[in-house]
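The structure appears right after this line, and notes come after that.
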Ligand SMILES: [Zn+2]
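Numbering (our numbering), first residue to last: 2 to 260.
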């Protein structure tokens, strides 16, 4: 994570859940680029120390994910610049722009801001954890998780790569979303191949809205986190920056072309 620039200084943390339920976690206040194996902390399933090393102060976020997802054995939390830029802008990574990402990661919702290492943060994340394999945390960063350490890391890498491509495509005039029938086919493939199961259908964000794919789990996804991009001045007035206005007009022109 350090070499890829996903964390600087003592940012970020990684953990693995062992078969006996104990957690191996990166220690608090250590630069991950200089961390060595003997610095790792060991805790029980509730995060109580089983070694001299103190685990990351953000271990509660990891424990929440392990509690909500029996299938998850590893969690990677970082502040990758492009993904974190989405989190700072108040945006989810939820547009169906890349086929491989729909197959392997699904959309990445944005959890509302919560103070790191407090219940505010875990409460905001809880409703999203079951249906997604990676989350953004508003004004903070990203977390990804999986069946082992490499799957968790690879998902973090896919999240960051997708965010980067989304930002670059805006500079080229804006991304074009895949059409609903292509999304339906991708969801069929990912479920048949076992990349993601039906839980990933229940999504807080944009993939399924125009498709015929429905959520079979019966859970209602939480309402989407919409970004308040423009400042409200009261009396129903809004003010936009020049950039935001241009973006709106481009978007409107594109919708016109499609319909
Ligand atoms: Zn963090």
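The beta carbon of each residue, even a glycine, is placed where N, CA and C say it ideally should be. Nothing here was measured: the structure is a model prediction, and the numbers come from that model.
- Here the distance from the Cβ of residue 59 to the nearest heavy atom of ligand 1 is below 8 Å.
- Within 8 Å of the C-beta of residue 12 there is at least one heavy atom belonging to ligand 1.
- Checking the DSSP bridge columns, you'll see residue 77 partnered with 15, 145.
- According to DSSP, residue pairing for residue 25 in a beta bridge involves 17, 43.
- Residue nearest to residue 167 within the set 78, 107, 197, 98 is 98 (criterion: CA-CA distance).
- For residue 142, the CB falls within less than 8 Å of some heavy atom of ligand 1.
- The C-beta of residue 247 has fewer than 16 other C-beta atoms within 10 Å across all chains shown, which makes the residue exposed.
- Going by DSSP, residue 135 is part of the beta strand (DSSP E) stretching over 135 to 138.
- Residue 111 is bridged by DSSP to 137.
- Approximately 6 Å separates the beta-carbon atoms of residue 59 and residue 78; this is inside 8 Å, confirming the contact.
- Distances from the CB of residue 117 to the heavy atoms of ligand 1 include at least one below 8 Å.
- Look at the beta carbons and you see the region 52 to 68 touching the region 129 to 148: at least three pairs across the two are nearer than 8 Å.
- Between the alpha carbons of residue 31 and residue 104 lies a distance of about 35 Å.
- With a threshold of 8 Å, the Cβ atom of residue 78 counts as near ligand 1, since some heavy atom of the ligand is closer than that.
- When rounded, the separation of the alpha-carbon atoms in residue 208 and residue 184 is 7 Å.
- Between residue 134 and residue 107, the gap from beta carbon to beta carbon is short of 9 Å.
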